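Read the structure below first, then the notes.
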Amino acid sequence: MSPEAGTDRSQPRFLVDIMLGRLAKWLRILGYDTVYEHLTDQLVLERIRQEDRILLSRDRELVALAGEGRAYFVRNQRPLRQVAEVIRAFRLDPERYFFTRCSLCNAPVEKVDKDRVGAEVPAYVLQSQEDFWRCPSCGQIYWRGSHFERAKAWLHRALTDRGDWPEEILPGRGDGPASPRRDQRSNAT
């Protein structure tokens, strides 16, 4: 996690339609600026133009309306395969910005001193971790714990394995990398 990575304007910025929530969370985990909101088709089209974003969608009609170069039709139906597809299609670097954005609200995270998060994280985390990051928008706190390593392993599998994905490794299920950990959910907005 580096402080400047979440704001690199040379990287593509995405708007992910409402059908692809897990893909949106994974792109945020990878550190890519990804808007995910429930918007009408008209608002989607306006936002991608106003904010110079690329629409990711499984809605062929919406992709056609967005126009060439403004949208990408996501072919895969399974979330981790969608992640691999988008990484390949846009030649994204899956390691460079890993965990530099808040997976909940998309804001770039900021490094914070350990003593500033002591009351907000479990004691065992405070004892075992030295580095912490906080989302300045929603207050979510991140550290490089086991969830960080699991997310890297799942990403590697998404990029190398063509087999079926067990449900327990999909973001949004249990303590997957895109879900706030049980002990952090009170910080999520």
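With positions in the sequence shown counted from 1, the corresponding number in our numbering is that position plus 5.
No residue lacks a Cβ here, since even glycine has one placed at the ideal position from N, Cα and C.
Given the structure is predicted, the values throughout are model-derived calculations rather than measurements.
- Query: Buried or exposed: where does Arg106 fall if 16 or more other Cβ atoms within 10 Å of its Cβ makes it buried?
  - Reply: For the purposes of this step, residue 106 is identified with residue 101 of the sequence shown, where counting begins at 1. Per the 10 Å Cβ criterion, buried.
Handout entry: Stretch-stretch touch, CB-based, cutoff 8 Å, three pairs: the segment 105-120 with the segment 82-90
Key = no
Inter-residue spacing [alpha-carbon to alpha-carbon] between Gln47 and Gly72: Taking the sequence shown and counting its residues from 1, one reaches residue 47 at position 42. Taking the sequence shown and counting its residues from 1, one reaches residue 72 at position 67. Those two C-alpha atoms are separated by around 13 Å.
Would you kindly report the start and end of the unbroken alpha helix (DSSP H) that includes Ala71? Taking the first residue of the sequence shown as position 1, residue 71 is located at position 66. Taken as a continuous stretch (DSSP letters only), the alpha helix (DSSP H) holding Ala71 covers 65-71.
Quiz item: Going straight from the alpha carbon of Leu61 to that of Thr39, what length do you get?
Solution: Taking the first residue of the sequence shown as position 1, residue 61 is located at position 56. Taking the first residue of the sequence shown as position 1, residue 39 is located at position 34. For Leu61 and Thr39, the distance between alpha carbons rounds to 10 Å.
ask   = Within 10 angstroms of its Cβ, does Gln145 collect 16 or more other Cβ (buried), or is it exposed?
value = The residue you call residue 145 lines up with position 140 of the sequence shown. Answer is buried; the Cβ neighbour count reaches 16.
query = Does DSSP put Leu109 in a helix, a strand or coil?
reply = Within the sequence shown, the letter at position 104 stands for residue 109. Note: Leu109 maps to coil in three-state DSSP.
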